[in-house]
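Report on the structure given below.
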Amino acid sequence: MTTKKASSTSLPSERRNHLVRLAGELFAEKGFRATTVREIADAAGILSGSLYHHFDSKESIGDEILSGFLNEVLAGYREAVAEPDDPRSTIEQFVRSSTATLARHRAALTMLQNDWSHFRAMPRFDYLRTATREIEHLWVDQLERGKQSGLFRSDLDAKLTYRLLRDVLWIPTRWGQNGSNSWDGDQIADAVLRLIFDGILAPGNSSSGASRADRSRRAKPAGS
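Quick note on full-length UniProt numbering: the sequence shown kicks off at 1 and runs consecutively.
Listed below in structure tokens is the structure:
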């Protein structure tokens with residue numbers, strides 16, 4: 001399955017790339033719906049009409065930003081599953097690929113988080129749902145493979161785990177928006193992988209037993 005190609009039919013010029021970056025920053029800051037073509041043109045120091053020499057609409061700019069992002073995410077995931085490796089190694093590749101890609105596409109991710117309902121209602125952005133379904137399928141499939149092989153916990157809820165991990169991976173992207181992020185992509189990926197595979201218990205503390213909250217909940221009389 002292939003996501004939608006970027007709207008440009010030729011190699012983008014340096015000027016075009018500059019306009020896309022400026023527009024992405026505005027979309028991330030103000031929201032896609034609230035940003036006007038005039039504001040993009042003003043930020044670029046050109047007339048609104050000049051912008052239409054490169055793009056036929058604001059939606060075309062959004063297309064280029066979002067399709068480029070999702071194509072890159074899926075390329076990394078497809079490369080990971082193409083290797084005949086175990087699910088743990090594949091998920092590690094997913095995490096490292098995601099961290100690197102998200103760092104390069106902060107604007108696209110913020111657009112999806114802030115304006116998903118708007119894009120979902122527009123037929124031209126139907127490829128977003130197709131791509132996100134494929135991303136979820138790839139994650140869930142690896143988690144289920146690990147579960148069935150005994151590598152992962154037998155009580156693992158693969159879909160819930162994917163949703164939690166997806167959001168954990170997305171959050172550091174927002175840290176970089178105010179310049180306060182002191183960790184690079186590899187450090188973030190390493191930390192996420194430690195949480196996934198090692199947890200936060202110190203060596204010698206068993207992670208197999210029920211937590212205090214679990215024991216309390218199980219001991220509580222029914223109907224109380």
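We put the beta carbon where it would ideally sit given N, CA and C, even for glycine.
Model, not experiment: these values are computed from the prediction.
- For the 8 angstroms CB-CB criterion, LEU165 and PHE152 do not form a contact.
- In the three-state reduction of the DSSP assignment, MET111 falls in the helix class, which pools H, G and I.
- Going by beta carbons, LEU102 and TRP183 fall outside the 8 angstroms limit.
- In this structure, SER48 and TYR77 do not form a Cβ contact; the two beta carbons are roughly 38 angstroms apart against a cut-off of 8 angstroms.
- Residues ARG16, LEU19 of the same chain have their beta carbon placed closer than 7 angstroms to that of HIS54, with the five preceding and five following residues left out of the count.
- For GLU83, the secondary structure class from DSSP, reduced to helix, strand or coil, is coil.
- In this structure, the straight-line span from the alpha carbon of ALA189 to that of VAL168 is close to 10 angstroms.
- In this structure, DSSP gives ALA100 a helical state, which the three-state scheme calls helix.
- Using a Cβ-Cβ distance cut-off of 8 angstroms, the segment 107-119 and the segment 28-35 are in contact, since at least three pairs of beta carbons, one from each stretch, lie closer than that value.
- Under the DSSP assignment, SER50 falls in the alpha helix (DSSP H) whose first and last residues are 48-51.
- Secondary structure at LEU74: helix, using DSSP grouped into helix, strand and coil.
- Excluding residues up to 5 positions away in sequence, PRO87, ARG88, PHE152 lie with their Cβ nearer than 7 angstroms to the Cβ of GLY146 in the same chain.
- Burial of ALA131 is indicated by the presence of at least 16 other C-beta atoms within 10 angstroms of its C-beta.
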